[in-house]
Structures are given as structure tokens and as C-alpha cells.
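Structure first, commentary second.
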Amino acid sequence: MRAEFEVLAKAYPTWVFLRADIVQLPGVARRWAATRVPCYIFFWKGVEETQFAGASGRKLREVLEDCSLLGPAPAAAHADPAGRVRDWKMPKNEA
Numbered sequence: 001m002r003a004e005f006e007v008l009a010k011a012y013p014t015w016v017f018l019r020a021d022i023v024q025l026p027g028v029a030r031r032w033a034a035t036r037v038p039c040y041i042f043f044w045k046g047v048e049e050t051q052f053a054g055a056s057g058r059k060l061r062e063v064l065e066d067c068s069l070l071g072p073a074p075a076a077a078h079a080d081p082a083g084r085v086r087d088w089k090m091p092k093n094e095a
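FYI, the numbering for the sequence shown is 1 to 95, going by UniProt numbering.
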């Protein structure tokens, strides 16, 4: 699924794709109730829109397509123009 996730990040270059290692960042998993991996959480304007768990590339593509109907990505200023996936880093004040 990592490869599929990275392919989709390139397909949506104005969106922000983050990857979090829940072993290294257990607080992130608790905060977003990520109890199964892989877990995909979709945000729109800073609010969780939907989430699902499971290794389904088809489901991941479908949810991304549904989210694209919400309109242009408001976080485009933070997107990677090359469509690369970024690793989630723990903020210093939460370390």
C-alpha cells in the first residue's frame, strides 16, 4: 500500500499526503483512533472528513475521488509540487 499511496500523492500534487509511523508516534494513533493499519484519515479545512482502515487501493482511490468533490485543496501552500509523501514529525511541544 505504501507504493499505491505514493502514486496517489503524485496524482494529487496540490494535496498534502502525510505518513505516520504509529510505533514511533503512538500519540498520533491515539488522537485519531487509528487502531488498525494501514489507516487513512482525510481532512478538509482542518477537520476530519472521513477515515477507513485496510489495504485496499481501490477504496483509497474511491475516497480520494469523493474528497476531490469538496473543491480545491485549501492546504495547497503546504503541498509538495512533486507530489511526494511526507513523514509526520512530532511537534517539539509534544515531544
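No residue lacks a Cβ here, since even glycine has one placed at the ideal position from N, Cα and C.
Anyone know if the C-beta pair for W32 and I41 falls short of 7 angstroms?
Yes; because the gap between Cβ atoms is below 7 angstroms, this pair is in contact.
Going by DSSP, which residues form a beta bridge with A53?
C39
Which class does V47 belong to by DSSP, given the choice of helix, strand or coil?
strand
Just the Cα atoms here: how many angstroms apart are A20 and V28?
8 angstroms
Mark W15 as exposed unless 16 or more other C-beta atoms lie within 10 angstroms of its C-beta, in which case mark it buried.
Its Cβ being crowded by 16 or more others within 10 Å, W15 is buried.
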